[in-house]
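Working notes, structure below.
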Amino acid sequence: MSSIPLAVTGSTGAVGGLVARDLAGRGVAQRLLVRTPARAPELAGSTVHAVTYSDAAAATAALEGVETLFMVSAAENADRLAEHRAFIDAAAAAGVGHIVYTSFAAAAPDAVFTLARDHYATEEHIKASGLRYTFLRDTLYLDFLELMTGDDGVIRGPAGDGRAAFVARADVARTAAAILLDPAPHAGATYDLTGPEALSLAEVAAILTRVTGRDVAFHDETVEEAYASRAGYGAPPWQLDAWVSTYTAIKSNVMAPLSPAVESITGIPPETFETYLTTRPAPQ
Ligand SMILES: NC(=O)c1ccc[n+]([C@@H]2O[C@H](COP(=O)([O-])OP(=O)(O)OC[C@H]3O[C@@H](n4cnc5c(N)ncnc54)[C@H](OP(=O)(O)O)[C@@H]3O)[C@@H](O)[C@H]2O)c1
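Residue numbers are given in the working numbering: position 27 of the sequence shown equals residue 37, and the series is strictly consecutive.
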């Protein structure tokens, strides 16, 4: 069992869970920082610590002596940026050396996808903290594409003919794991993590139809239609903005450029949407 002082957040979720299992499978000891210890994966060599990002005292105590930290961005909520800042400050106070953070493609103060603005602010906070860092700027997860389909088989949103190089969560996770195993060469790096092809939502619908046998179509809403069709969910304005701007970000083509990072860091190319659909485990 390796004694690299490493901490992983989000292991009760998808990306963090895959990272933690990958590391454990390689015999790496790790501290799992989770909100609900009872839900933490049971992994050889891991210790479990109850930490929510806004709890600075718990985070500082759990991170004492940790050299490298994998920080999964928090669940979307109105206070997410404040939670991120508190956790980063705790990591700096605990003496963490290097933080690997899951950011978002084209993170910028004026990003089309509104939540990418918070990712940019988080990146800036990490830079200002003095920690060494690596930013993984994921595009939209291709794991979610099927879930964007309504019960009527229609993907609706103002995405037009825009394209995005959707990336599989599994590819994000194995890239993160490779960096965590040897972070030094990646200090100060910002990587765009993309899949191998940029797809429009009409193409996504066609692939879903061909591979799953379910008829799926794409309907290009106007922005006004997009807000109206989502108004009934009772979501707060920031959430509605995030939902709608997911599609306008696709339309802007900001996630269309392909990045070599997944393959260059892991040696294995990222998977296509079709491969994802045909090789994913069957639902339990
Ligand atoms: N690129 C994209 O398309 C996309 C889409 C959606 C989300 N995201 C972002 O990517 C992140 C990772 O994706 P995922 O698929 O692994 O998400 P996920 O399955 O929802 O897992 C998120 C993990 O983060 C933990 N977490 C959330 N808020 C936290 C907080 N305030 N303090 C401490 N831990 C917290 C969760 O803990 P619990 O189990 O206790 O909830 C969970 O373990 C998400 O959290 C989200 O920020 C990206």
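Even for Gly, the Cβ is constructed at its ideal location relative to N, Cα and C.
No experiment lies behind these values; they were computed from the predicted model shown.
Point to revise | Validate contact between the region 48-62 and the region 112-123 using beta carbons, cut 8 Å, 3 pairs | key: no
Point to revise | Top-ranked residue by Cα proximity to residue 168, from 137, 230, 212 | key: By 1-based counting over the sequence shown, the position of residue 168 is 158. The option with the nearest alpha carbon to residue 168 is 230.
Review point. Can the beta-carbon of residue 283 be found less than 7 Å from the beta-carbon of residue 217?
Key: Translated into positions along the sequence shown, residue 283 becomes position 273. Translated into positions along the sequence shown, residue 217 becomes position 207. It is a contact, given that the beta carbons lie within the stated cut-off.
Review point. For ligand 3, is there a heavy atom less than 6 Å away from the beta-carbon of residue 83?
Key: Absence of ligand 3 is noted for the structure shown, with ligand 1 being the only ligands found.
Check your understanding: With burial defined as no fewer than 16 other Cβ atoms inside 10 Å of the residue's Cβ, what is the status of residue 157: buried or exposed?
Key -> Walking along the sequence shown from the start, residue 157 turns up at place 147. Classification of residue 157: exposed, given that the 10 Å Cβ count is below 16.
Exercise for review: Give the range of the alpha helix (DSSP H) segment to which residue 147 is assigned.
Suggested key: Looking up residue 147 in the sequence shown gives position 137. Counting along the chain, residue 147 falls outside any alpha helix (DSSP H), though it belongs to the beta strand (DSSP E) covering 142-148.
Practice item. Report the three-state DSSP secondary structure of residue 167 (helix, strand or coil). Key: For the purposes of this step, residue 167 is taken as residue 157 along the sequence shown, with counting starting at 1. Here residue 167 sits in strand by DSSP.
Check your understanding: Terminal residues of the continuous alpha helix (DSSP H) containing residue 99?
Key -> Numbered from 1 along the sequence shown, position 89 holds the residue referred to as residue 99. Start and end: 90-104.
Practice item. Write down the C-beta distance between residue 147 and residue 25 rounded to the nearest angstrom, noting that I regard them as a contact closer than 8 Å. Key: The count along the sequence shown starts at 1 and reaches residue 147 at position 137. The count along the sequence shown starts at 1 and reaches residue 25 at position 15. 14 Å between Cβ atoms; not a contact.
Point to revise | Inter-stretch contact (C-beta, 8 Å, three-pair minimum) for the region 68-79 and the region 102-109 | key: yes
**Study point:** Residue environment, residue 133, which counts as buried when at least 16 other CB atoms sit within 10 Å
**Key:** Counting from one through the sequence shown, the residue named residue 133 turns up at place 123. Counting Cβ neighbours within 10 Å, residue 133 comes out buried, since at least 16 surround it.
Point to revise | Reduced DSSP category for residue 237 - H, G, I as helix; E, B as strand; rest coil | key: Locating residue 237 in the sequence shown gives position 227, where the first residue counts as 1. Residue 237 falls in the helix class under three-state DSSP.
Check your understanding: Should the region 182-192 be regarded as contacting the region 223-241, the criterion being three or more beta carbon pairs within less than 8 Å?
Key -> no
Practice item. Consult DSSP for residue 13 and reduce its assignment to one of helix, strand or coil. Key: Residue 13 sits at position 3 when you count from the first residue of the sequence shown. Residue placement at residue 13 cannot be trusted, given a pLDDT of 49 that sits under 50; what the coordinates show is reported in the next sentence. Residue 13: coil per DSSP, three-state reduction.
Point to revise | Three-pair Cβ contact test at 8 Å for the region 40-49 versus the region 201-208 | key: no
**Study point:** Cα-Cα separation between residue 212 and residue 171, rounded to whole angstroms
**Key:** Here the question's residue 212 lines up with position 202 in the sequence shown. Here the question's residue 171 lines up with position 161 in the sequence shown. Looking at the two C-alpha atoms, the distance is approximately 8 Å.
Practice item. Give a single yes or no on whether residue 23 has its beta carbon closer than 6 Å to a heavy atom of ligand 1. Key: Numbered from 1 along the sequence shown, position 13 holds the residue referred to as residue 23. Yes, ligand 1 has a heavy atom inside 6 Å of this Cβ.
Point to revise | 8 Å contact criterion, which residue 79 and residue 109 should meet: CB distance rounded | key: The sequence position of residue 79 within the sequence shown is 69, counting from 1. The sequence position of residue 109 within the sequence shown is 99, counting from 1. About 5 Å separates the two Cβ atoms, so the contact holds.
**Study point:** Selected residue, minimal CA-CA separation from residue 42, among 130, 61, 34, 18
**Key:** Position 32 of the sequence shown holds residue 42. Of the listed residues, the one whose Cα sits closest to residue 42 is 18.
**Study point:** Segment limits, alpha helix (DSSP H) that includes residue 135
**Key:** Residue mapping note: residue 135 aligns to position 125 of the sequence shown, counting from 1. Start and end: 125-139.
**Study point:** Simplified DSSP state of residue 159, which is helix, strand or coil
**Key:** In the sequence shown, counting from the first residue as 1, residue 159 sits at position 149. Residue 159 falls in the strand class under three-state DSSP.
Exercise for review: Assuming residue 174 contacts residue 150 (C-beta within less than 8 Å), just tell me the rounded distance between them.
Suggested key: Mapped onto the sequence shown, residue 174 falls at position 164. Mapped onto the sequence shown, residue 150 falls at position 140. The Cβ separation is near 6 Å, so the contact holds.
Practice item. Per DSSP, which residues does residue 108 bridge with? Please list them. Key: The sequence position of residue 108 within the sequence shown is 98, counting from 1. Answer is 78, 142.
Review point. Tell me, which residues are paired with residue 176 by DSSP?
Key: In the sequence shown, counting from the first residue as 1, residue 176 sits at position 166. Beta-bridge pairing links residue 176 to no other residue.
Point to revise | Rounded separation between residue 288 and residue 254 - CA only | key: For the purposes of this step, residue 288 is taken as residue 278 along the sequence shown, with counting starting at 1. For the purposes of this step, residue 254 is taken as residue 244 along the sequence shown, with counting starting at 1. Those two C-alpha atoms are separated by around 29 Å.
Review point. Just to confirm, does residue 70 get its C-beta within under 6 Å of one of the non-hydrogen atoms of ligand 1?
Key: In the sequence shown, residue 70 corresponds to position 60, counting from 1. No, the beta carbon of residue 70 sits no closer than 6 Å to any heavy atom of ligand 1.
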